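Enquirer: Sequence order for the protein chains is Z and P.
When we follow this note's numbering, the leftmost residue of the first sequence carries the number 1, and every step to the right adds one.
When we follow this note's numbering, the leftmost residue of the second sequence carries the number 1, and every step to the right adds one.
Where is the CB? At the ideal position from N, CA and C, for every residue including glycine.
If you're wondering where the values come from, they're calculated on a predicted model, not measured in any experiment.
I have a structure I would like to understand better, so I am pasting it below and will then ask my questions one at a time.
There are 2 protein chains.
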Amino acid sequence: EIVAGIAAFFAERQGPKPLTGRRAVVTSGPTHEPIDPVRYIANRSSGKQGHAVAAALAALGADVTLVSGPVTLADPPGVRVVRVETAAEMLAASQSALQTPDGPADIAVCAAAVADWRVAATAGDKVKKGPDGPPTLTLAENPDILATLSQPGPARPRLVVGFAAETRDVLTYAAAKLAKKGCDWIVANDVATGTGTFGGDDNQVHLLRRGAEPEAPLIETWPRLSKTEVAVRLAQAIADTL
Amino acid sequence: EIVAGIAAFFAERQGPKPLTGRRAVVTSGPTHEPIDPVRYIANRSSGKQGHAVAAALAALGADVTLVSGPVTLADPPGVRVVRVETAAEMLAASQSALQTPDGPADIAVCAAAVADWRVAATAGDKVKKGPDGPPTLTLAENPDILATLSQPGPARPRLVVGFAAETRDVLTYAAAKLAKKGCDWIVANDVATGTGTFGGDDNQVHLLRRGAEPEAPLIETWPRLSKTEVAVRLAQAIADTL
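See the structure below:
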């Protein structure tokens with residue numbers, strides 16, 4: 001219904017399409033990192049916010065590729081969708097979508113809840129319960145998709161937007177993420193248990209923009225809105241900036 | 001479409017309802033075991049097979065409670081659904097559903113893909129990436145729902161059916177599981193990569209029934225069938241036995 005909401009919102013909108021001719025890549029959903037053929041590690045994410053952002057950018061005229069982890073949402077209308085499972089696959093698909101013969105895309109929005117870690121040694125067969133008790137899972141660091149796409153150079157999109165999902169000290173962690181990853185904006189939200197953000201239809205976010213001093217971002221705190229409305233505001237802010 | 005298939009199949013069926021007056025509890029779907037508020041370990045399971053079994057038992061007249069982990073399927077018609085997240089919650093909900101003032105239920109079908117292990121110490125806040133590299137996950141053994149429900153005593157259902165999902169040596173592991181868990185039947189299937197069983201609509205199973213010798217079960221190998229047809233055959237076999 002999130003995506004239908006976006007479609008209905010923009011069907012009535014007869015105004016200009018300020019992102020016409022712009023190309024955007026949006027990541028959405030979780031990633032699944034296999035332990036063995038039957039088990040995996042995942043991040044909680046319904047994909048609702050990322051899918052809504054893809055739909056909102058498309059509604060403003062952008063040519064959008066959505067790189068989505070495993071979700072059960074319908075494809076947003078007017079958006080090219082590439083489905084992936086792991087963080088490594090998501091990075092490869094995003095890089096591929098960002099590069100075209102005409103140069104890099106204009107906009108990257110990393111809304112996916114990418115797993116920070118994968119299992120160091122994925123088992124080819126189901127790991128059995130044994131007399132020695134449970135196994136210990138050794139993890140390995142996944143590629144950092146947001147930091148990789150933010151790296152300076154001719155392949156960098158003009159505007160790279162990340163999301164930060166935190167359970168406490170939201171603004172502190174988000175400002176640190178903005179300074180560290182090299183992206184331009186961070187959309188920060190509080191996903192602590194009880195906020196209802198995971199899987200829910202609402203979101204309360206802060207938009208942090210890199211300022212003259214990397215340690216002092218410009219912060220806008222938005223009211224609690226539907227994920228559709230957050231997406232519409234974000235797409236409009238992107239259009240106003242490019 | 002699986003559940004709709006069952007409903008359509010039985011809407012045309014005008015025959016007797018041999019499980020009228022019988023009570024059944026069916027588990028279905030995966031369990032999710034939290035690492036922290038944003039990450040979890042899961043088993044792959046769409047819930048399609050378990051939900052189809054619940055629908056098929058109800059269609060034969062049984063009073064069915066479906067204890068389901070996180071799935072995106074519609075509730076089967078005519079079935080009471082209890083939603084849970086973890087293995088511990090699934091066991092508690094199943095035991096609660098099995099016991100009534102009139103005594104234990106008649107049938108338990110454990111079709112859920114229960115996580116064998118949970119994380120020993122779940123973090124209350126999101127675990128941050130740090131300079132020391134990825135954390136090591138220490139796991140703890142989850143309660144064994146099938147073995148627990150199979151324990152002899154006045155609370156035991158008359159017929160306890162388990163599922164075994166294996167990636168190799170399917171019959172060997174399934175026979176060992178039948179002997180070890182104390183259940184009456186095991187429905188064994190091959191979920192190796194490439195079989196398409198995970199998330200797919202078809203299944204190829206073997207039905208193992210405990211024989212006079214625990215080590216020598218009676219084995220029926222069924223052809224590749226839709227998950228709906230597997231459910232219908234299993235429900236009919238249960239009706240023929242009770």
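Quick one: what's got a C-beta closer than 6 Å to P/Val25's C-beta in the same chain, skipping five residues either side?
Expert: Position 25 of the second sequence, counting from 1, holds the residue named residue 25 of chain P. Taken in chain order, the residues that qualify are Thr65, Ser94, Ala97, Leu98, Ala105 and Ala108.
Enquirer: Is there a Cβ of chain Z sitting closer than 9 Å to that of P/Asp143, yes or no?
Expert: What you label residue 143 of chain P is simply residue 143 of the second sequence in a count that begins at 1. Per the sequence shown, residue 143 of chain P should be read as Pro rather than Asp. No, P/Pro143 lies away from the interface with chain Z (no Cβ there is under 9 Å from its Cβ).
Enquirer: Is the CB-CB distance between Z/Pro18 and Z/Asp240 below 9 Å?
Expert: Reading the first sequence from its first residue, position 18 is the one you call residue 18 of chain Z. Reading the first sequence from its first residue, position 240 is the one you call residue 240 of chain Z. Cβ atoms of Z/Pro18 and Z/Asp240: closer than 9 Å.
Enquirer: Is the stretch 71-80 of chain P in contact with the stretch 134-153 of chain P, if contact means three or more CB pairs nearer than 8 Å?
Expert: Contact between the stretch 71-80 of chain P and the stretch 134-153 of chain P is absent, because fewer than three Cβ pairs lie under 8 Å.
Enquirer: Shortest alpha-carbon distance to Z/Asp263 belongs to which of Z/Val187, Z/Leu218 and Z/Glu229?
Expert: Residue 263 of chain Z is absent from the model: chain Z starts at 1 and stops at 242.
Enquirer: Bridge partners of Z/Thr221, per DSSP?
Expert: Within the first sequence, the letter at position 221 stands for residue 221 of chain Z. Paired residue(s): Z/His206.
Enquirer: Leaving aside the five residues before and after Z/Ala174 along the sequence, list all residues of the same chain whose C-beta is less than 6 Å from its C-beta, in chain order.
Expert: Residue numbering aside, residue 174 of chain Z sits at position 174 when the first sequence is read from its first letter. For Z/Ala174, where only same-chain residues beyond five positions count, the Cβ hits under 6 Å are Ala164, Ile186, Ala188 and Leu208.
Enquirer: Name the one or two DSSP bridge partners that P/Leu66 has.
Expert: Here residue 66 of chain P is taken as the residue at index 66 of the second sequence, counted from 1. P/Leu66 pairs with P/Val26 and P/Val81.
Enquirer: State the start and end residues of the unbroken alpha helix (DSSP H) segment that holds P/Leu146.
Expert: The residue given as residue 146 of chain P occupies position 146 in the second sequence. Element bounds for P/Leu146: Ile145 to Ser150.
Enquirer: Any residues in the stretch 164-178 of chain P with a beta carbon nearer than 7 Å to a beta carbon of chain Z? Which ones, in chain order?
Expert: Those would be Ala165, Glu166, Thr167 and Arg168, in chain order.
Enquirer: Quick check: the Cα distance between Z/Gly61 and Z/Gln49, rounded to an integer number of angstroms?
Expert: The sequence position of residue 61 of chain Z within the first sequence is 61, counting from 1. The sequence position of residue 49 of chain Z within the first sequence is 49, counting from 1. Straight-line Cα distance between these residues: approximately 19 Å.
Enquirer: Looking at the unbroken alpha helix (DSSP H) that takes in Z/Glu89, where does it start and where does it end?
Expert: Locating residue 89 of chain Z in the first sequence gives position 89, counting from the first residue. First-last of the alpha helix (DSSP H) with Z/Glu89: Ala87 to Leu98.
Enquirer: Sort Z/Leu178, Z/Leu91, Z/Glu166 and Z/Gly124 by Cα distance to Z/Leu149 and report the nearest one.
Expert: Within the first sequence, numbered from 1, the residue matching residue 149 of chain Z stands at position 149. Nearest of Z/Leu178, Z/Leu91, Z/Glu166 and Z/Gly124 to Z/Leu149, Cα basis: Z/Leu91.
Enquirer: Let me check understanding here. Comparing Cα to Cα, which of Z/Ala231, Z/Pro34, Z/Glu89 and Z/Gly47 lies closest to Z/Lys126?
Expert: Sequence index remark: in the first sequence, residue 126 of chain Z carries index 126 (1-based). The option with the nearest alpha carbon to Z/Lys126 is Z/Pro34.
Enquirer: Within 9 Å (strictly less), CB to CB, does Z/Ala192 reach chain P?
Expert: Indexing the first sequence from 1 puts residue 192 of chain Z at position 192. Yes, Z/Ala192 lies at the interface with chain P (some Cβ there is under 9 Å from its Cβ).
Enquirer: Tell me the DSSP bridge mates of P/Ile41?
Expert: Here residue 41 of chain P is taken as the residue at index 41 of the second sequence, counted from 1. Looking at the DSSP assignment, P/Ile41 forms a beta bridge with Z/Ile41 and P/Glu33.
Enquirer: Could you tell me whether the Cβ atoms of P/Gly69 and P/Ala113 are closer together than 9 Å?
Expert: Taking the second sequence and counting its residues from 1, one reaches residue 69 of chain P at position 69. Taking the second sequence and counting its residues from 1, one reaches residue 113 of chain P at position 113. Closer than 9 Å, so yes.
Enquirer: Looking at P/Glu215 and P/Ala179, is the spacing between their C-beta atoms short of 9 Å?
Expert: The count along the second sequence starts at 1 and reaches residue 179 of chain P at position 179. The count along the second sequence starts at 1 and reaches residue 215 of chain P at position 215. Yes, they are a contact pair.
Enquirer: Use the C-beta contact count for P/Asp102: other C-beta atoms within 10 angstroms, 16 or more gives buried, fewer gives exposed.
Expert: On the second sequence, residue 102 of chain P is found 102 positions in, with the first residue counted as 1. It counts as exposed.
Enquirer: Quick one: grab the DSSP three-state call for Z/Arg233.
Expert: Locating residue 233 of chain Z in the first sequence gives position 233, counting from the first residue. Z/Arg233: helix per DSSP, three-state reduction.
Enquirer: Name the chain Z residues that come within less than 8 Å of P/Pro135, Cβ to Cβ?
Expert: Taking the first residue of the second sequence as position 1, residue 135 of chain P is located at position 135. Near P/Pro135 (Cβ distances below 8 Å), the residues of chain Z are Trp117 and Leu139.
Enquirer: So for Z/Val170, helix, strand or coil by DSSP?
Expert: Stepping through the first sequence from its first residue, residue 170 of chain Z is reached at position 170. The answer is helix: DSSP assigns Z/Val170 an H, G or I state.
Enquirer: Taking 8 Å as the line, does the beta carbon of Z/Val170 fall inside it for any heavy atom of the ligand ATP?
Expert: The ligand ATP is not part of this structure, which contains no ligands at all.
Enquirer: Within the 9 Å Cβ cut-off, does P/Ala42 reach chain Z?
Expert: On the second sequence, residue 42 of chain P is found 42 positions in, with the first residue counted as 1. So yes, P/Ala42 belongs to the interface.
Enquirer: Using alpha carbons as the reference points, say which of Z/Pro37, Z/Arg224, Z/Pro16 and Z/Gly211 lies closest to Z/Lys128.
Expert: Within the first sequence, numbered from 1, the residue matching residue 128 of chain Z stands at position 128. Among Z/Pro37, Z/Arg224, Z/Pro16 and Z/Gly211, the Cα nearest to that of Z/Lys128 belongs to Z/Pro37.
Enquirer: Anything in chain Z within Cβ reach of P/Lys126, meaning under 7 Å, just list it in chain order.
Expert: Looking up residue 126 of chain P in the second sequence gives position 126. Ordered by position in chain Z, the residues that pass the 7 Å Cβ test against P/Lys126 are Glu166 and Thr167.
Enquirer: Looking at chain P, is there any beta carbon in it that lies within less than 9 Å of the beta carbon of Z/Pro16?
Expert: Residue 16 of chain Z sits at position 16 when you count from the first residue of the first sequence. No, no contact with chain P.
Enquirer: Whole angstroms is fine: what's the gap from P/Gly47's alpha carbon to Z/Ala212's?
Expert: As a first step, residue 47 of chain P must be located in the second sequence, where it is residue number 47. As a first step, residue 212 of chain Z must be located in the first sequence, where it is residue number 212. Using only the alpha carbons, I get a separation of about 52 Å.
Enquirer: Going by the CB atoms, is the gap between P/Ala42 and P/Pro76 shorter than 9 Å?
Expert: Along the second sequence, one-based indexing puts residue 76 of chain P at 76. Along the second sequence, one-based indexing puts residue 42 of chain P at 42. Contact: no.
Enquirer: Can you find the residues in the same chain that come closer than 8 Å, C-beta to C-beta, to Z/Ile245, ignoring five residues on each side of it along the sequence?
Expert: Any answer about residue 245 of chain Z is impossible in this case: the structure gives chain Z only from 1 up to 242.
Enquirer: Measuring only between beta-carbons, confirm whether Z/Arg83 sits less than 9 Å from chain P.
Expert: Within the first sequence, the letter at position 83 stands for residue 83 of chain Z. Z/Arg83 does not count as touching chain P.
Enquirer: Give me the chain Z residues within the contact set of P/Thr72, using Cβ-Cβ distance strictly less than 7 Å, ordered along the chain.
Expert: Along the second sequence, one-based indexing puts residue 72 of chain P at 72. Near P/Thr72 (Cβ distances below 7 Å), the residues of chain Z are Thr72.
Enquirer: Sorted by chain position, which residues of the same chain lie with C-beta nearer than 6 Å to P/Trp222's C-beta, five sequence neighbours on each side aside?
Expert: Position 222 of the second sequence, counted from the start, is the residue given in the question as residue 222 of chain P. So the list reads Val205, once near-sequence residues are dropped.
Enquirer: Label Z/Ala120 either buried or exposed according to how many other C-beta atoms from any shown protein chain fall within 10 Å of its C-beta, with 16 as the threshold for buried.
Expert: By 1-based counting over the first sequence, the position of residue 120 of chain Z is 120. Counting Cβ neighbours within 10 Å, Z/Ala120 comes out exposed, since fewer than 16 surround it.
Enquirer: Thinking C-beta only, is Z/Leu159 closer than 9 Å to Z/Ile238?
Expert: Within the first sequence, numbered from 1, the residue matching residue 238 of chain Z stands at position 238. Within the first sequence, numbered from 1, the residue matching residue 159 of chain Z stands at position 159. Cβ atoms of Z/Ile238 and Z/Leu159: closer than 9 Å.
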